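Set out below in structure tokens:
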């Protein structure tokens with residue numbers, strides 16, 4: 215899955231294995247290995263029977279194509295020829311015991327981190343908290359540490375190995391309260407992931423109220439708000455093929471000798487990593503096969519991206535270069551002198567003038583066009599794209615929707631576009647703040663790689679000497 219980091223993404227190492235579409239141990243192909251997960255649901259307020267599955271697509275539902283088992287007792291064994299049964303979170307779909315049903319919905323979901331090589335996995339409210347922490351991007355170790363610290367802050371002494379001993383008697387009261395509040399909150403949100411992430415993130419603030427059963431409606435809503443922020447939707451890498459170690463080539467089929475590759479996980483599995491829609495000039499959705507379109511909507515993030523023209527007579531031409539201007543940064547005269555407006559005499563010399571022009575036009579029905587952040591730019595990168603321009607430079611966005619990429623001027627031929635993000639740097643080098651450059655195309659011959667981040671230049675200050683004037687292309691975004 216895509217990791218939001220200010221660094222180079224090593225594509226060759228993040229290419230990963232796709233599973234076998236949930237095939238089970240009854241497969242007629244006896245040559246396939248069978249993977250087995252054993253565990254127990256230890257929460258006292260959960261009734262049987264229950265469904266246990268590998269939640270491969272992380273949607274908090276045991277889908278028909280995911281390895282699952284109907285358990286009639288609290289111990290369970292899940293087997294499958296799909297290796298993702300070991301690398302995906304375990305999900306338990308059950309019902310509260312009869313005594314708890316008067317105050318809880320009929321359904322209750324619990325989870326535990328992927329079993330991987332663990333011989334036995336416990337599933338309960340505490341393990342579900344750990345999964346909730348991981349939903350916001352935390353590693354397993356970081357998530358366990360965070361939950362442990364929150365428990366200690368509540369005066370609870372957790373076991374030294376939280377996951378292995380999550381059925382410890384010291385956690386029993388908390389476990390019962392967690393399940394009760396998962397149920398209460400699920401009645402207020404259709405996204406169970408938001409519920410779990412909200413409780414995990416809210417435990418350090420509202421944990422005492424949760425234990426005392428004194429969470430008023432206002433606090434329940436605040437917990438849901440925390441969950442919504444924690445699971446804010448992002449795209450994946452787009453990697454849907456798998457590296458075969460024997461051939462060194464990418465394949466649609468997994469290599470059993472190289473499991474746990476990126477294509478086995480997250481949104482790359484469910485929809486190729488992206489959900490994009492073409493829009494017309496009024497912001498209306500167009501068919502995916504439309505030959506002309508003006509904007510692209512990212513259905514996952516809700517952002518709308520400008521599509522550039524390949525027309526030197528148009529102010530939205532993809533080759534045009536702009537001086538940086540924001541609410542806090544004024545353009546430098548030396549940079550305006552290098553902007554395309556000085557030679558083509560078209561509208562907009564600066565980034566702010568350009569966004570204002572789009573807003574005046576209500577381009578694609580929007581009047582809040584702005585510079586994207588670097589994180590928003592990074593989230594749009596498609597590491598599986600192989601299409602190239604006429605010179606062999608590889609596109610870094612899904613070319614079916616973004617067919618307008620440009621490698622850049624001769625001075626900066628790296629697929630750079632202005633963003634609103636600046637980086638803190640060595641004050642002796644760039645006075646403590648530098649312009650971030652994100653590579654959005656891969657140079658022919660491999661000169662630079664997609665997703666590389668650099669910070670070479672400090673922003674020029676109006677009225678002062680500008681040692682390294684910068685002008686770049688721009689792709690605006692709206693919401």
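In my numbering, the protein residues as written are 215 to 693.
Yeah, the Cβ is synthetic: ideal placement off N, Cα and C, and Gly gets one too.
If you're wondering where the values come from, they're calculated on a predicted model, not measured in any experiment.
Would you say residue 284 and residue 263 are within 8 angstroms of each other, going by their C-beta atoms?
Numbered from its first residue, the chain shown carries residue 284 at position 70. Numbered from its first residue, the chain shown carries residue 263 at position 49. Closer than 8 angstroms, so yes.
Could you please give the first and the last residue of the uninterrupted alpha helix (DSSP H) stretch that includes residue 558?
For the purposes of this step, residue 558 is identified with residue 344 of the chain shown, where counting begins at 1. It spans 555–558 - the alpha helix (DSSP H) in which residue 558 sits, taken as one unbroken run.
Using only the alpha-carbon positions, how far apart do residue 526 and residue 555 sit?
Here residue 526 refers to the residue found at position 312 when the chain shown is read from its first residue. Here residue 555 refers to the residue found at position 341 when the chain shown is read from its first residue. Approximately 11 angstroms, taken between the alpha carbons.
Enumerated in chain order, which unbroken segments of the alpha helix (DSSP H) with a length of 4 residues or greater are wholly contained in the stretch 519–586?
547–552, 555–558, 565–574
Neighbour-count burial assignment, residue 659, 16 or more Cβ in a 10 Å radius
Position 445 of the chain shown holds residue 659. When all chains shown are included, residue 659 counts as exposed.
Quick one: what's residue 648 bridged to in DSSP?
By 1-based counting over the chain shown, the position of residue 648 is 434. Answer is 637.
Have a look at residue 347 and residue 415 and give me their C-alpha separation to the nearest angstrom.
For the purposes of this step, residue 347 is identified with residue 133 of the chain shown, where counting begins at 1. For the purposes of this step, residue 415 is identified with residue 201 of the chain shown, where counting begins at 1. Roughly 7 angstroms separates the two Cα atoms.
Contact set for residue 462: own chain, Cβ-Cβ below 7 angstroms, skip 5 residues either direction
Walking along the chain shown from the start, residue 462 turns up at place 248. Closer than 7 angstroms at Cβ, skipping near neighbours: no residue.
If you count every other CB in all the chains shown that lies within 10 Å of the CB of residue 677, and 16 or more means buried, which is it?
By one-based count along the chain shown, residue 677 stands at place 463. Exposed is the call here.
Residue 619 vs residue 629 beta-carbon contact at 8 angstroms
Mapped onto the chain shown, residue 619 falls at position 405. Mapped onto the chain shown, residue 629 falls at position 415. Cβ atoms of residue 619 and residue 629: closer than 8 angstroms.
How many Å lie between residue 280 and residue 249 at the Cα?
As a position in the chain shown, residue 280 is number 66, starting the count at 1. As a position in the chain shown, residue 249 is number 35, starting the count at 1. Rounded to whole angstroms, residue 280 to residue 249 spans 14 angstroms at the Cα level.
Once DSSP output is grouped into helix, strand and coil, what is the label at residue 436?
Along the chain shown, one-based indexing puts residue 436 at 222. Residue state, collapsed to three classes: helix.
Per DSSP, residue 251 is paired with what?
For the purposes of this step, residue 251 is taken as residue 37 along the chain shown, with counting starting at 1. In DSSP, residue 251 forms a bridge with 292.
Tell whether a beta-carbon distance below 8 angstroms holds between residue 339 and residue 403.
Position 125 of the chain shown, counted from the start, is the residue given in the question as residue 339. Position 189 of the chain shown, counted from the start, is the residue given in the question as residue 403. No; because the gap between Cβ atoms is not below 8 angstroms, this pair is not in contact.
Is the separation between the beta-carbon of residue 307 and that of residue 362 shorter than 8 angstroms?
If you number the chain shown from 1, residue 307 lands on position 93. If you number the chain shown from 1, residue 362 lands on position 148. No, these two residues do not count as a Cβ contact at 8 angstroms.
Going by beta-carbon coordinates alone, are residue 532 and residue 541 separated by less than 8 angstroms?
Locating residue 532 in the chain shown gives position 318, counting from the first residue. Locating residue 541 in the chain shown gives position 327, counting from the first residue. Not a contact, by the Cβ cut-off of 8 angstroms.
Note down, in chain order, each residue of its chain lying with its Cβ closer than 8 angstroms to the Cβ of residue 694, except the 5 sequence neighbours on either side.
Beyond the ends of the chain as shown, which are 215 and 693, falls residue 694; an answer cannot be given.
When DSSP labels each residue in this structure, what does residue 323 get in the three-state scheme?
The residue given as residue 323 occupies position 109 in the chain shown. Strand.
Would you mind stating whether residue 357 and residue 344 have Cβ atoms separated by less than 8 angstroms?
Position 143 of the chain shown, counted from the first residue, corresponds to residue 357. Position 130 of the chain shown, counted from the first residue, corresponds to residue 344. Closer than 8 angstroms, so yes.
On the CB-based measure, 16 or more other CB atoms within 10 Å of its CB, does residue 215 come out buried or exposed?
To locate residue 215, count along the chain shown from 1; it is residue 1. Confidence at residue 215 is low in this model, with a pLDDT of 47, below 50, so the placement of that residue is unreliable and no value is reported for it.
Which term fits residue 429, buried or exposed, when burial requires 16 or more other beta carbons within 10 angstroms of its beta carbon?
Counted from its first residue, the chain shown places residue 429 at position 215. Counting Cβ neighbours within 10 Å, residue 429 comes out buried, since at least 16 surround it.
At what residues does the alpha helix (DSSP H) containing residue 429 begin and finish?
As a first step, residue 429 is located in the chain shown; it is residue number 215 there, counting from the start. Counting along the chain, residue 429 falls outside any alpha helix (DSSP H), and DSSP gives it neither H nor E.
Taking the alpha carbon of residue 289 as the reference point, which residue from 438, 261, 302 has its own alpha carbon closest?
Sequence index remark: in the chain shown, residue 289 carries index 75 (1-based). Comparing Cα-Cα distances from residue 289 to each of 438, 261, 302, the minimum goes to 261.
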